[in-house]
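2 protein chains.
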Amino acid sequence: MTAKQLPLPELVNGLVGLGVPGVGLWREPVARYGLAATAALVADAGLSVTTLCRGGFLTAIDPVERAAALADNRAAVDEAAALGTDTLVLVSGGLPAGSRDLAGARERIADALTELGPYAAERGVRLAIEPLHPMYAADRCVVSTLEQALDLAERFPAEQVGIVVDTYHLWWDDRVAAQISRAGAGGRIHSFQLADWVTPLPAGVLNGRGQLGDGAVDMRWFRDAVAEAGYRGPVEVEIFNDGLWARDGQEVLAETVTRYRECVVGDSA
Amino acid sequence: MTAKQLPLPELVNGLVGLGVPGVGLWREPVARYGLAATAALVADAGLSVTTLCRGGFLTAIDPVERAAALADNRAAVDEAAALGTDTLVLVSGGLPAGSRDLAGARERIADALTELGPYAAERGVRLAIEPLHPMYAADRCVVSTLEQALDLAERFPAEQVGIVVDTYHLWWDDRVAAQISRAGAGGRIHSFQLADWVTPLPAGVLNGRGQLGDGAVDMRWFRDAVAEAGYRGPVEVEIFNDGLWARDGQEVLAETVTRYRECVVGDSA
């Protein structure tokens, strides 16, 4: 998503040229390019698919909507398996129209995972609950903290359900250090994603994430925290930013690698 | 602020006409109308001043900036005392430019309160730390949860420092019930403010609060929670909303009273 203006072949070529070993994919561009074609493209390039984004939106009350959401999530699991990634990221969903019941919505997510967790595990795919920043609690994701995500995930085996540590969503929370340790101890850090927090936020607050180093997030702190918690998996950079998307995609990829080296790799301050 | 388009005399007349017994004031309109004149205006109308907004912005590192912030907060305390309110609301401040140290910023707030708490108490004014939604953590307030606010407040006597329960900032947090109980047990709920959460958020995310009943917040739940925690003080409605401000102010006041009766007063569902 950081360079979503690039068609998949150009994205893959760019990453290979920069020495990036893997790529996190979203379902929509995969569907446009074709699932089998995408799997062949990345495999032929020697890239791993780190995660597939995204399943989720599991909070509907209406039975028809719930059945449709479950079917869509099973399809997402199948797509993840076809792409050869072991992780499907879940954005859990917001409040149904007219509802003010956050606790009830979270319970419906748990209900859905009871079905989806085993389905995914049978296909070699782990579900990763991504807590989203509390500013999305009403309309995108009622799971707002890493603690809430773990409270949900720990009802299931770790090989079925884990969590995503995304700096953009979690940086403000003074409980995040303890929760990263908890997640690591349980083997539940299934993905680690980076974006910086910059202000002012744009209307709709979706596409204002910052390039690494431009904002308030201490990237090295997060890097060290997940490492100390035992995480050895890929690090994804996922920046939704209208400004980045308006630029040359290859330039954005190169800048992101440079920023990653400056802000994430290297010694702590 | 809900009807900030109204000059103070019209605001006061409107509230008296609607049977509203008190008003929360902001420093800027008070300064424009004159401190003594405002005090006389509200006293002559028989209104209480529920709170004065706002002090705070106590996170600066630079010594000159810190001294200026402390002086401004002492002035705010003096103004609160002159207006006859017992509560000054604090918006604590964001990260200084270039800083990523949330914990350090929170410690500087505590340092400032060591000086400001006694100064306020000597003048019959309580400081009320308002946790702001985490989307403001970088640029307005590093105190993002009621738990963090209480962790700060409890370092001081309750007659010096308490907290604000504002539905807009706290509604998403599944720990808020326990923290409201904690605040009430300690006699630290110094203010209770209402606004609803509506989406999409506007650019800058400051002036998109919802009229009571339009959004995701369960107002009666909050009303009951603070009541069960022992709170018997005033209830303020504080809605920053460009749409409300563009309308006739008296109409907005009347609508707000109607919504308050519908959404807050009356039996729980």
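The listed protein sequences derive, respectively, from chains C and F. Using full-length UniProt numbering, read the first sequence as starting at 1 and increasing by one per residue. Using full-length UniProt numbering, read the second sequence as starting at 1 and increasing by one per residue. Quick reminder that beta carbons are idealized off the backbone N, C-alpha and C, glycines included.
Notebook entry, point to check: Which full runs of the alpha helix (DSSP H) of 4+ residues lie inside the region 100-137 of chain C, going along the chain?
Noted result: 102-122
Notebook entry, point to check: What residues from the region 130-141 of chain C come within 7 Å of chain F, judged by C-beta to C-beta, listed N to C?
Noted result: Those residues of the region 130-141 of chain C placed with their C-beta closer than 7 Å to a C-beta in chain F are His133, Pro134, Met135, Ala137, Ala138, Asp139, ordered along the chain.
Check: With burial defined as no fewer than 16 other Cβ atoms inside 10 Å of the residue's Cβ, what is the status of Thr167/C: buried or exposed?
Finding: Translated into the one-based positions of the first sequence, residue 167/C becomes position 167. Answer is buried; the Cβ neighbour count reaches 16.
Margin query: Just to check my reading of the structure: Val235/F and Leu194/F have Cβ atoms closer than 8 Å, yes? What is that Cβ distance to the nearest angstrom?
Written below: Indexing the second sequence from 1 puts residue 235/F at position 235. Indexing the second sequence from 1 puts residue 194/F at position 194. Confirmed, Cβ separation roughly 6 Å.
Note to self: Considering only their Cβ atoms, is the gap separating Ile129/F from Ala153/F smaller than 8 Å?
What the structure shows: Mapped onto the second sequence, residue 153/F falls at position 153. Mapped onto the second sequence, residue 129/F falls at position 129. Yes.
Check: Going along chain C, which residues have a C-beta under 9 Å from Val91/F?
Finding: Within the second sequence, the letter at position 91 stands for residue 91/F. What Val91/F touches in chain C: nothing, since even the nearest Cβ is about 15 Å away.
Note to self: Taking 8 Å as the limit between beta carbons, can you name the residues of its chain near Ala82/C, skipping five residues before and five after?
What the structure shows: Numbered from 1 along the first sequence, position 82 holds the residue referred to as residue 82/C. Excluding sequence neighbours, Ala82/C sits near Leu35, Ala36, Ala39.
Next item on the list: Give the single residue among Trp172/F, Glu107/F, Arg182/F whose Cα lies nearest to the Cα of Gly94/F.
Entry: Reading the second sequence from its first residue, position 94 is the one you call residue 94/F. Answer by Cα proximity: Glu107/F.
Check: If you count every other CB in all the chains shown that lies within 10 Å of the CB of Thr114/C, and 16 or more means buried, which is it?
Finding: As a working mapping, residue 114/C is identified with position 114 in the first sequence. Thr114/C comes out exposed.
Check: Of the residues Ala138/F, Pro134/F, Pro200/F, which one's Cα is nearest the Cα of Asp214/F?
Finding: The count along the second sequence starts at 1 and reaches residue 214/F at position 214. Comparing Cα positions, the closest option is Pro200/F.
Margin query: Within 10 Å of its beta-carbon, does Val64/F have 16 or more other beta-carbons around it, so buried, or fewer, so exposed?
Written below: By 1-based counting over the second sequence, the position of residue 64/F is 64. Val64/F is exposed by the Cβ-count criterion.
Next item on the list: Name, please, each residue of chain C whose Cβ falls closer than 8 Å to the Cβ of Pro202/F.
Entry: As a working mapping, residue 202/F is identified with position 202 in the second sequence. Here the neighbours are Ala203.
Check: Can you give the Cα-Cα distance for Gly84/F and Trp171/F, rounded to whole angstroms?
Finding: Translated into the one-based positions of the second sequence, residue 84/F becomes position 84. Translated into the one-based positions of the second sequence, residue 171/F becomes position 171. C-alpha separation (whole angstroms): 30 Å.
Note to self: Could you check whether Val164/F and Val125/F sit closer than 8 Å to each other, using their CB atoms as the reference points?
What the structure shows: For the purposes of this step, residue 125/F is identified with residue 125 of the second sequence, where counting begins at 1. For the purposes of this step, residue 164/F is identified with residue 164 of the second sequence, where counting begins at 1. No, Cβ-Cβ distance for Val125/F and Val164/F is not below 8 Å.
Notebook entry, point to check: Below 8 Å between beta carbons: does that hold for Thr87/C and Ile239/C?
Noted result: Within the first sequence, numbered from 1, the residue matching residue 87/C stands at position 87. Within the first sequence, numbered from 1, the residue matching residue 239/C stands at position 239. Contact: no.
Next item on the list: For the beta strand (DSSP E) containing Thr51/F, list its first residue and its last residue.
Entry: Taking the first residue of the second sequence as 1, we reach residue 51/F at position 51. Run containing Thr51/F: 48-56, per the beta strand (DSSP E) assignment.
Item checked: CB contact check: residue 270/F to chain C, cutoff 8 Å -> Look at the range of chain F in this structure, 1 to 269, and you will see that residue 270/F is not part of it.
Next item on the list: List in chain order: all unbroken beta strand (DSSP E) runs of 3+ residues lying wholly within the region 181-222 of chain C.
Entry: 189-194
Notebook entry, point to check: Closer than 9 Å, Cβ to any Cβ of chain C: which residues of the region 163-177 of chain F, in chain order?
Noted result: Trp171, Trp172, Asp173, Asp174, Arg175
Margin query: Counting only C-beta atoms, is Ser48/F closer than 8 Å to chain C at any point?
Written below: Position 48 of the second sequence, counted from the start, is the residue given in the question as residue 48/F. Taking CB atoms only, Ser48/F has no neighbour in chain C less than 8 Å away.
Check: How would you list, in chain order, the residues of chain F whose beta-carbon sits under 9 Å from the beta-carbon of Ala216/C?
Finding: Here residue 216/C corresponds to residue number 216 of the first sequence, with the count starting at 1. The contacting residues are Gly94, Leu95, Ser99, Arg100, Leu102, Ala137, Ala138, Asp139.
Margin query: 8 Å is my cut-off, CB to CB: does Gln250/C come that close to chain F?
Written below: The sequence position of residue 250/C within the first sequence is 250, counting from 1. Not closer than 8 Å to any Cβ of chain F, the Cβ of Gln250/C fails to qualify, so no.
Item checked: Between the CA atoms of Ala225/C and Ala121/C - distance to the nearest angstrom -> For the purposes of this step, residue 121/C is taken as the residue at position 121 of the first sequence. For the purposes of this step, residue 225/C is taken as the residue at position 225 of the first sequence. Distance between the alpha carbons of Ala121/C and Ala225/C: 27 Å.
Item checked: For Val238/C: DSSP bridge partner residues -> As a first step, residue 238/C is located in the first sequence; it is residue number 238 there, counting from the start. The amino acid at residue 238/C is misidentified as Val; the sequence shows Glu. Bridge partners of Glu238/C: none, in fact.
Item checked: Close beta carbons around Glu255/F, own chain, < 8 Å, minus the five adjacent residues each side -> The sequence position of residue 255/F within the second sequence is 255, counting from 1. The answer, listed in chain order, is Gln211.
Item checked: Test item: CB-CB of Trp245/C and Ala138/F under 8 Å -> On the first sequence, position 245 is the one that residue 245/C refers to. On the second sequence, position 138 is the one that residue 138/F refers to. It is not a contact, given that the beta carbons lie outside the stated cut-off.
Notebook entry, point to check: When we look at the beta-carbon of Leu58/F and count the other beta-carbons within 10 Å, is it buried (16 or more) or exposed?
Noted result: Start at 1 with the first residue of the second sequence, and residue 58/F comes out as number 58. Buried: at least 16 other Cβ atoms inside 10 Å.
Notebook entry, point to check: What residues are listed by DSSP as bridge partners for Gly162/C?
Noted result: Here residue 162/C is taken as the residue at index 162 of the first sequence, counted from 1. According to DSSP, which records beta bridges pairwise, Gly162/C is partnered with Ala128/C.
Notebook entry, point to check: Which value, in whole angstroms, describes the spacing of the CA atoms of Thr50/C and Val252/F?
Noted result: Counting from 1 along the first sequence, the entry for residue 50/C is found at position 50. Counting from 1 along the second sequence, the entry for residue 252/F is found at position 252. Approximately 52 Å, taken between the alpha carbons.
Notebook entry, point to check: Taking the C-alpha atoms as reference points, what is the distance between Arg209/F and Arg27/C?
Noted result: What you label residue 209/F is simply residue 209 of the second sequence in a count that begins at 1. What you label residue 27/C is simply residue 27 of the first sequence in a count that begins at 1. Distance between the alpha carbons of Arg209/F and Arg27/C is about 33 Å.
Next item on the list: Use the C-beta contact count for Glu79/C: other C-beta atoms within 10 angstroms, 16 or more gives buried, fewer gives exposed.
Entry: Locating residue 79/C in the first sequence gives position 79, counting from the first residue. Counting Cβ neighbours within 10 Å, Glu79/C comes out buried, since at least 16 surround it.
Check: When the Cα atoms are used, what is the spatial distance from Ala269/C to Ala105/F?
Finding: One-based indexing of the first sequence puts residue 269/C at position 269. One-based indexing of the second sequence puts residue 105/F at position 105. The predicted model places Ala269/C with a pLDDT of 46, which falls under 50 and marks its position as unreliable, so this point remains unresolved.
Notebook entry, point to check: Based on the DSSP secondary-structure assignment, which residues constitute the bridge partners of Trp26/F?
Noted result: Locating residue 26/F in the second sequence gives position 26, where the first residue counts as 1. Its beta-bridge partners are Cys53/F.
Item checked: Burial state of Leu6/F, where buried means 16 or more other Cβ atoms lie within 10 Å -> The residue labelled residue 6/F in the question sits at position 6 within the second sequence. Answer is buried; the Cβ neighbour count reaches 16.
Margin query: What would DSSP say about Thr258/C, mapped onto helix, strand or coil?
Written below: Looking up residue 258/C in the first sequence gives position 258. Looking at Thr258/C - three-state DSSP - the assignment turns out to be helix.
Next item on the list: Could you name the residues of the same chain whose beta carbon sits closer than 7 Å to that of Met135/C, not counting the 5 residues immediately before and after it, in chain order?
Entry: One-based indexing of the first sequence puts residue 135/C at position 135. Taking C-beta separations shorter than 7 Å and ignoring five residues to either side along the sequence, the partners of Met135/C in its chain run Val205, following chain order.
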